[in-house]
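To start, the structure under review is shown below, and the notes come after it.
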Amino acid sequence: MKIGFIGTGVMGSRMVKRLLDQNYEVYVYTRSKEKARPLQEMGADYVGSIPELAKVCDLLCTCLSMPTDVVEVYCGPNGIVENARHGTICLDFTTVGADTSKSIFEIATKKGISYLDSPVSGGPEGVENGSLTIMVGGEKLVFEKVLPILKVIGGKVEFLGPAGSGSIAKLINQYLVAVHSLAASEAMVAGAAYGLDSEQLFNLLKVSYGDSKILRRHMDEYVLDRQFEPGGAIKYVHKDVRLANQLFEEAGMKEITGQLAQRAFQQAEENGLQDLDMSAVILPIENASDVVVKKINKDTL
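Per the working numbering, residue 94 is the first one in the sequence shown, and the count goes up by one each step.
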């Protein structure tokens, strides 16, 4: 099976590497051939356009930044739907709204192309060790055909139902990511404002009911060491929680904590933090309270 890949950023490039490591034949398209060079050195073949990629591959994977990118890559005049062969299967790993996934599924189906919304959770480290959670919506028979490939990058791969189901599950996950990020940030800033040792407070919280995977991730890997290189960038979590809030509101919920999280991530973006890790949402909160959540070098006290 020839696998095509569009979107070889932080996540996509790692997915390509895992597929190559399992001896799959992988073709990649990037706007810049130079960007594809490291993947070529690993064994991937570079293809110079989306139409060419679509025509040569049996399975097409996309891992893009924004819903608009997904729509353009699939439905644009030089996109996948117009150029892929009948019977091609598409896997979209991007986090988009359910309406986007359903729309692309319908357009692709009319052309004899199968489309699965397959967003992932677990970050770059999840790709590297093959432990991603993959949430899939679409046709089950198609899902079963590509399940061995999904298991190359995913430790937990679940088929959830019709087109859009994977995207709905991912947005619910991202809602919790955003809300937990804000709550963890506020809690740690409050502790620092009242003079508590941030590392000591964190060590207490992570063995108490206030513990969460986000609290541990943010404090252990980013905040306490004041290192905010992504990871998952602020701008993407802002996009995700905005889409999640729309989903929740459509379900009848009007006043939700996600609205506060959306405002916090929006403020972080407005402060120029959009390309930093999502844990950097704490920075404007620290500034407002005039404290810094960090490790204290007790040897200097």
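Just so you know, even glycine gets a beta-carbon here, dropped at the ideal spot from N, CA and C. As the structure is a computational prediction, the values presented were derived from the model and not from experiment.
Contact check between the stretch 264–273 and the stretch 238–256: fewer than three CB pairs, one atom from each, fall below 8 Å, which does not count as touching. For Phe-236, the enclosing alpha helix (DSSP H) stretches over residues 233–246. In chain order, Pro-160, Ser-260, Leu-264, Leu-336, Gln-339, Leu-340 place their CB closer than 8 Å to the CB of Gly-190, counting only its own chain and leaving out the 5 sequence neighbours on each side. As DSSP reads the structure, Lys-249 sits in a beta bridge with Thr-226.
The criterion of a C-beta distance shorter than 8 Å is satisfied by Ser-194 and Gly-230. For the pair Arg-356 and Ala-286, the Cα-to-Cα distance works out to about 22 Å. For Phe-98, there is no enclosing alpha helix (DSSP H); the residue is part of the beta strand (DSSP E) that begins and ends at 95–99. Per DSSP, reduced to three states, the secondary structure at Val-213 is strand.
Per DSSP, reduced to three states, the secondary structure at Glu-199 is helical. Membership of Val-121 in the beta strand (DSSP E) is indicated by the continuous run 118–122. Boundaries of the alpha helix (DSSP H) harbouring Leu-340: 327–343, taken from the DSSP string. If you draw a 10 Å sphere on the C-beta of Asp-383, you find fewer than 16 other C-beta atoms in it, and that means exposed. For Ile-182, the enclosing beta strand (DSSP E) stretches over residues 182–185. At a Cβ-Cβ threshold of 8 Å, Met-104 and Leu-152 do not count as neighbours. Contact check between the stretch 369–387 and the stretch 302–318: three or more CB pairs, one atom from each, fall below 8 Å, which counts as touching. In the DSSP assignment, Leu-264 falls within the unbroken alpha helix (DSSP H) covering 258–286. Membership of Cys-168 in the alpha helix (DSSP H) is indicated by the continuous run 160–168. For Leu-369, there is no enclosing beta strand (DSSP E), since its DSSP letter is neither H nor E. For Cys-150, no pairing in a beta bridge is given by DSSP. Beta-bridge analysis with DSSP links Tyr-208 to Cys-183.
In the structure shown, Gly-190 falls within a coil segment according to DSSP collapsed to helix, strand and coil. Secondary structure at Asp-304: coil, using DSSP grouped into helix, strand and coil. The straight-line gap separating the alpha-carbon atoms of Lys-238 and Gly-257 is approximately 19 Å.
By the 16-neighbour rule on beta-carbons within 10 angstroms, Leu-234 is exposed. Distance between Ile-96 and Tyr-139, taken at the CA atoms: about 12 Å. If you draw a straight line from the Cα of Asn-171 to the Cα of Cys-156, it is about 18 Å long.
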